[in-house]
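Numbering-wise, our numbering puts 1004 at position 382 of the sequence shown, and it's gapless, one number per residue.
From the three backbone atoms N, C-alpha and C, an ideal C-beta is built for every residue, glycine too.
Reviewing the structure listed below.
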Amino acid sequence: MPANTLKDHKAEQRIVGTRVWLALFIMIVLVFVLIARLFYLQVLRYDEMSTQSEENRVLLQTIPPVRGLIYDTHGKLLAMNRSSRSLTIVRELAGDLDQLIADISTLVPITDNERRRFDQRIRRRRPFEPIPLKFNLDDEQIATVAVNQFRLPGVEIDADLVRYYPEGSIFAHSVGYVGRINDRELRTLDPALYSGTYVTGKIGLEKYYESILLGKPGYQEVETNARGRVLRILNQVPPEPGKDLELYLDTELQKVAIEALDGRRGAVVAMDPKTGGVLSMVSNPSFDPNLFVTGIDFESFDGLNKNIERPLYNRATLGEYPPASTIKPVIGLALLANDVVDKNTKIFDQGWFQLPGSDHRFRNWNRRGDGWVNLYQAMVRSNDTFFYKQAGELGIDRMHDFLSQFGLGRRTGIDIGEERPGLLPSREWKRGAYGQPWYPGETVIAIIGQGYNLATPLQLAEFTTILANRGKHVQPRLVKEDMPEIQSPEWGQDVDVRDEDWDLIIDSMEDVIKSPRGTAHWRIGRNLKYRIAGKTGTAQVVSIPQGEEYDAERLKEFERDHSLFVAFAPVEDPQIAISVIVENSGGAANVAKTVMDHYLLPRLNPSLTHGLSVDEALKAKVTN
């Protein structure tokens, strides 16, 4: 039978026709749905969708300001901004963020600290704002990310400016540093000012002058494609850069002071008595502030924080030490001004003093005694017994009131925030602190700068400038220019003392160095090239039992006495006032002399150190 006789042509036609009509019906339905959707979007929701389309096409981006620079007195950069490359992520383009960061971690190392800070920053971002995940990429890391960027949605390598301190640890405590904004700061900082900025001043000048250094951000409207890439800039408001700061600080002088400390713990503060400008402010040991700029890792911070020598601690403004005999010039003025003694008053020193009715002996540092001494001689020899015997008549109340005129017991108001007030004891203070009365023996100890007395090296430098200026007070300052935006504290009042009293005290301070009987003569007083007025001091760290003598070799290092020295020079026209403390060691006078030599000799005789390096100048001055 022929094959074609088995086919049902009518059935096949019905099947084909059904399929055609079904396909046509489906096409009509799809076209209807599409038309309905277009009508819904283009007509019913036109205003809403038009706005969303415009928002997706045009973005507002922040342009962070350039942070102001910080210069020393000679124009040397102490804080600058240098170009860096950062790995950033645009959250809206990233998809699965955790997976993306995991993929990135296989290419470049991402620490827990970097991830934690990224999570903090991303919470306060603007839409489509690139958020830094890792800073300071090296060339190899940049190349690795670039090669793999096709599989890293939302990842970019951005160029930015990162704070840098070219002198490293030398100005860490005074200039300070910036660091990543933390959660606490995030709640208080103005989002408008810090949009696009991830750092803020943490300590020192960087914090105190934050509002000056920061600047104001700018903005730009940009057109982007579907991946968020900028196609063109539609409008731009440029940022205002931060203001630069010029300091009184002298880099070379700072280096000389650090080298003179020779690795010992301590502080040096040098001031210009005419302006109050701080020429040098050293706290040793120090640290590298660059570690903090993009976020220090836990191990590094823990190592600094737990270091027994406390490198993070600014000894110059936070360190509170017994001023010891360095305050005897001010005590001497108090005795003269209150007519407790005059230039002819003498006492006989047999090496100790006792209060009536007491068997406790307050000993002179020279246990053999100095015999008959007046105020002038007591200053030169740093005789304790002379002052012990005047303590009762002067009294703690008059002592407190007079010393407070020289800035003791209060903050100086220097233009960094990290400062402590020290302690100037009084009856009222002790009653409030301990609920106890003041005892006569406490006045005896207080009059030689021991007992409850505490002062910072900055306070010692401040009262030394007042001595150099014969009562005129100047405000300690690091920045040369007055900033109207920053509220400065009120200056102290000038000290009114008779001219002949100033003469007696300053002349005796000069003989501390010049006279063979002076306590600093054999350290720094020979072959002087200018006139120095100074005062030595030794601050006790632990009490020595009655009847025993101090022996440094028998004590642990941190129990040994501190060495202090204050001075100004030249006496006839003071250009520098200085305070030095060397913890648990001696040699404060030598440190001060080295610093003063470096500062004064080129000014008094430029040929002495002209053209010498810091090392050469130090060697030349030690031998002179």
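{"Query": "Using CA atoms only, rank isn't needed, just tell me which of Asp1125, Arg1020 and Lys1136 is closest to proline 1047.", "Result": "Arg1020"}
{"Query": "Pairing CB atoms from the segment 767-778 with CB atoms from the segment 852-864, are three or more of them under 8 Å?", "Result": "no"}
{"Query": "Tell me the start and end of each unbroken alpha helix (DSSP H) in the segment 1032-1061 that is at least 4 residues and wholly inside, in chain order.", "Result": "1049-1056"}
{"Query": "Could you name the residues of the same chain whose beta carbon sits closer than 6 Å to that of arginine 739, not counting the 5 residues immediately before and after it, in chain order?", "Result": "Arg802 and Gly917"}
{"Query": "Across the segment 981-988 and the segment 917-931, are there enough close Cβ pairs to call them in contact, namely three or more that are closer than 8 Å?", "Result": "no"}
{"Query": "If we require 4 or more residues per run, which alpha helix (DSSP H) segments fall completely within the segment 878-958?", "Result": "912-915, 920-927 and 937-940"}
{"Query": "Run through the segment 681-761 for me and flag every whole beta strand (DSSP E) of 3 or more residues, listed as ranges in chain order.", "Result": "699-711 and 753-756"}
{"Query": "Kindly indicate which residue of Leu1222, Ser833, Gly1014 and Thr897 has the alpha-carbon position closest to the one of leucine 1150.", "Result": "Leu1222"}
{"Query": "In chain order, what residues of the same chain have a beta carbon less than 8 Å from the beta carbon of leucine 940, not counting five sequence neighbours either side?", "Result": "Glu1040, Glu1041, Arg1042 and Thr1078"}
{"Query": "With C-beta atoms as the reference, is isoleucine 1069 less than 8 Å away from leucine 1016?", "Result": "yes"}
{"Query": "For valine 1066 and proline 839, I'd like the C-alpha separation in whole angstroms.", "Result": "59 Å"}
{"Query": "Looking at the unbroken alpha helix (DSSP H) that takes in glutamate 1015, where does it start and where does it end?", "Result": "1006-1026"}
{"Query": "Pairing CB atoms from the segment 894-901 with CB atoms from the segment 1088-1106, are three or more of them under 8 Å?", "Result": "yes"}
{"Query": "According to the neighbour-count rule (16 or more other Cβ atoms, all chains shown, within 10 Å of its Cβ), is glutamine 1081 buried or exposed?", "Result": "buried"}
{"Query": "So, with DSSP's three-state summary, where would you put arginine 641?", "Result": "helix"}
{"Query": "Give me the Cα-Cα distance between aspartate 1125 and threonine 819, rounded to the nearest whole angstrom.", "Result": "56 Å"}
{"Query": "Our contact map puts valine 1010 next to phenylalanine 975 with C-beta atoms below 8 Å; I'd like the distance itself, whole angstroms only.", "Result": "With the sequence shown as reference, residue 1010 is identified as tyrosine, and valine is not the correct amino acid for it. That pair is a contact at about 4 Å."}
{"Query": "State the beta-bridge partners of threonine 1160 as determined by DSSP.", "Result": "Ser1185"}
{"Query": "Quick one: what does DSSP say tyrosine 799 is sitting in, helix, strand or coil?", "Result": "strand"}
{"Query": "Secondary structure at aspartate 964, three-state DSSP: helix, strand or coil?", "Result": "coil"}
{"Query": "Looking at the strands, I want to know which residues DSSP matches up with glutamate 868.", "Result": "Tyr693"}
{"Query": "Taking the alpha-carbon of valine 1119 as reference, which of Gln1027, Gly1057 and Val995 has the nearest alpha-carbon?", "Result": "Gln1027"}
{"Query": "Below 8 Å between beta carbons: does that hold for alanine 1214 and isoleucine 1200?", "Result": "yes"}
{"Query": "Have a look at valine 962 and proline 1059 and give me their C-alpha separation to the nearest angstrom.", "Result": "24 Å"}
{"Query": "Taking the alpha-carbon positions, what's the proline 861 to proline 686 distance?", "Result": "7 Å"}
{"Query": "Have a look at the DSSP bridge pairing and note the partners of asparagine 804.", "Result": "Its beta-bridge partners do not exist; DSSP assigns none."}
{"Query": "Provide the residue span of the beta strand (DSSP E) that contains tryptophan 994, from first to last.", "Result": "993-996"}
{"Query": "Give a yes or no on whether the C-beta atoms belonging to valine 1193 and glutamate 1181 are separated by under 8 Å.", "Result": "no"}
{"Query": "Which same chain residues end up closer than 7 Å to asparagine 735 when comparing Cβ atoms and leaving out the 5 residues on each side of it in sequence?", "Result": "Gly917, Asp919 and Phe920"}
{"Query": "Would you kindly check if the distance between the Cβ of threonine 1086 and the Cβ of phenylalanine 1190 is under 8 Å?", "Result": "yes"}
{"Query": "Can you give me the Cβ contacts of alanine 1000 inside the same chain, cut-off strictly under 6 Å, excluding the 5 residues immediately before and after it?", "Result": "Phe1008"}
{"Query": "Skipping 5 residues on each side, what residues in its chain have a beta carbon closer than 6 Å to that of alanine 946?", "Result": "Gly1071, Gly1159, Thr1160, Ala1161 and Leu1186"}
{"Query": "Quick one: what's got a C-beta closer than 7 Å to arginine 689's C-beta in the same chain, skipping five residues either side?", "Result": "Asn703, Arg785, Leu835, Leu836, Gly837 and Gly864"}
{"Query": "Pull up the distance between the alpha-carbon of threonine 1141 and that of valine 891, whole angstroms please.", "Result": "21 Å"}
{"Query": "Can you have a look at phenylalanine 793 and say buried or exposed, based on whether 16 or more other CB atoms are within 10 angstroms of its CB?", "Result": "buried"}
{"Query": "Starting from the C-beta of aspartate 782, find all residues in its chain whose C-beta is less than 7 Å away, skip the five residues before and the five after it, and write them out in chain order.", "Result": "Ser706 and Ser708"}
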